[in-house]
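In the numbering used here, the protein residues as written are 12 to 323.
For each residue, glycine too, the CB sits at the ideal point set by N, CA and C.
Everything numeric in this text was worked out from a predicted model, so none of it was measured.
The structure appears below as structure tokens.
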């Protein structure tokens with residue numbers, strides 16, 4: 012039996028992959044999106060009778076309340092994602108990323124499920140070994156991460172909720188983002204053939220967008236087991252530095268050149284090694300390796316050379 016699911020921000024980078032999968036699994040899906048990037052990334056979903064779409068802003072409570080009342084499951088993807096975009100308009104970022112979902116939680120019944128992406132960037136810089144699991148203290152650096160930490164606190168006060176602390180996502184999507192790190196470096200390798208690295212040895216974790224979708228599907232199928240918890244979602248063999256990421260790209264694009272900047276620093280100071288053991292023990296395993304994603308991106312970028320494919 013399918014569920015009635017509301018996906019906010021469902022026409023974004025993750026939602027454009029997630030929504031068709033939910034529909035093909037037999038769920039009824041209502042997407043709320045303001046189409047900030049003028050995308051038509053869910054055109055292929057219009058085929059499904061169970062698909063509905065609302066062009067609107069999730070901060071509009073009078074719009075959201077009647078939609079939410081009909082839902083069994085809410086997946087809040089709507090957000091201004093990424094540190095640069097949030098720095099550009101901090102008021103819009105906080106009102107969308109923190110205030111709107113917190114109000115939403117208060118208007119839901121105890122029986123409604125919420126599965127929400129947060130971010131493992133909230134770990135900031137990890138401990139002395141830069142190692143982080145779900146019990147590690149949170150040290151968010153950017154406004155985006157700080158707002159996500161506050162949202163997660165409110166989320167997990169609910170009985171029927173789960174938080175997925177996503178690693179840096181990569182891979183092709185109908186609403187493409189080139190500004191994500193793996194996507195960005197691969198794009199530069201395809202078109203520029205070089206990249207300058209700041210903080211080349213800073214590490215972070217990665218996850219394919221389709222494995223993010225699979226995490227949500229896993230959460231729905233196993234909700235009684237995972238509810239009330241936060242889970243890191245990433246590739247356990249992809250805790251890589253920027254330098255190591257460039258090496259992986261160069262294996263497929265030998266002409267790609269990279270070098271460390273002699274001066275300057277990256278404003279994104281994240282540096283951590285993330286454990287994904289908790290969700291793996293619960294039964295979820297990612298399927299798409301980093302190398303597979305790089306191959307996919309190289310093919311995809313033969314179709315894309317346009318600055319519109321990003322959040323900044």
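Chain C within 8 Å of residue i, Cβ atoms only
i, result
"residue 32", "Note that chain C does not occur in the displayed structure, where there is just one protein chain."
Residue i classed as buried or exposed, judged by whether at least 16 other C-beta atoms fall within 10 angstroms
i, result
"residue 214", "buried"
"residue 53", "buried"
"residue 97", "buried"
"residue 38", "buried"
"residue 153", "buried"
"residue 90", "buried"
"residue 207", "exposed"
"residue 120", "exposed"
Nearest-angstrom Cβ-Cβ length linking residue i and residue j, presumed shorter than 8 Å
i, j, result
"residue 130", "residue 156", "6 Å"
"residue 252", "residue 200", "Rounded, the Cβ-Cβ distance is 16 Å, inconsistent with contact."
"residue 225", "residue 48", "With a Cβ gap of about 25 Å, residue 225 and residue 48 do not count as contacting."
"residue 84", "residue 16", "5 Å"
"residue 218", "residue 178", "4 Å"
"residue 195", "residue 299", "Not quite, the Cβ-Cβ distance comes to about 18 Å (not below 8 Å), so this is no contact."
Other residues of its chain near residue i: CB distance less than 6 Å, five sequence neighbours each side excluded
i, result
"residue 281", "132, 215"
"residue 14", "38, 83, 84"
"residue 289", "145, 242"
"residue 142", "284"
"residue 247", "287"
Start and end residues, beta strand (DSSP E) containing residue i
i, result
"residue 240", "240–244"
"residue 216", "214–219"
"residue 174", "172–177"
"residue 274", "Here residue 274 belongs to no beta strand (DSSP E), and DSSP marks it neither H nor E."
"residue 44", "39–44"
Cβ-based neighbour list, residue i, same chain, cut-off 7 Å, excluding 5 preceding and 5 following
i, result
"residue 227", "29, 86, 126"
"residue 240", "173"
"residue 295", "226, 229"
"residue 114", "72"
"residue 209", "272, 275, 276, 277"
"residue 88", "18, 19, 20, 21, 23, 25, 26, 128"
"residue 109", "158, 161, 162"
Unbroken alpha helix (DSSP H) run spanning residue i, endpoints
i, result
"residue 234", "234–237"
"residue 313", "Premise fails: residue 313 is in no alpha helix (DSSP H) and is neither H nor E."
"residue 189", "Where residue 189 is concerned, there is no enclosing alpha helix (DSSP H), given that its DSSP letter is neither H nor E."
"residue 266", "Run containing residue 266: none; DSSP gives neither H nor E here."
"residue 87", "Careful: residue 87 lies outside any alpha helix (DSSP H), inside the beta strand (DSSP E) at 84–87."
Close-in-space but distant-in-sequence residues of the same chain around residue i (CB under 8 Å, 5 per side omitted)
i, result
"residue 123", "79, 82, 83, 84, 85, 171"
"residue 70", "106, 107, 110, 111"
Residue i beta carbon near the ligand GDP (any heavy atom closer than 7 Å)
i, result
"residue 118", "As presented, the structure is devoid of all ligands, the ligand GDP included, so that no description of it is given."
> Hey, which unbroken runs of the alpha helix (DSSP H) at 4 residues or more fall wholly within the region 89–169?
Replying inline: 94–99, 101–105, 111–117, 154–167
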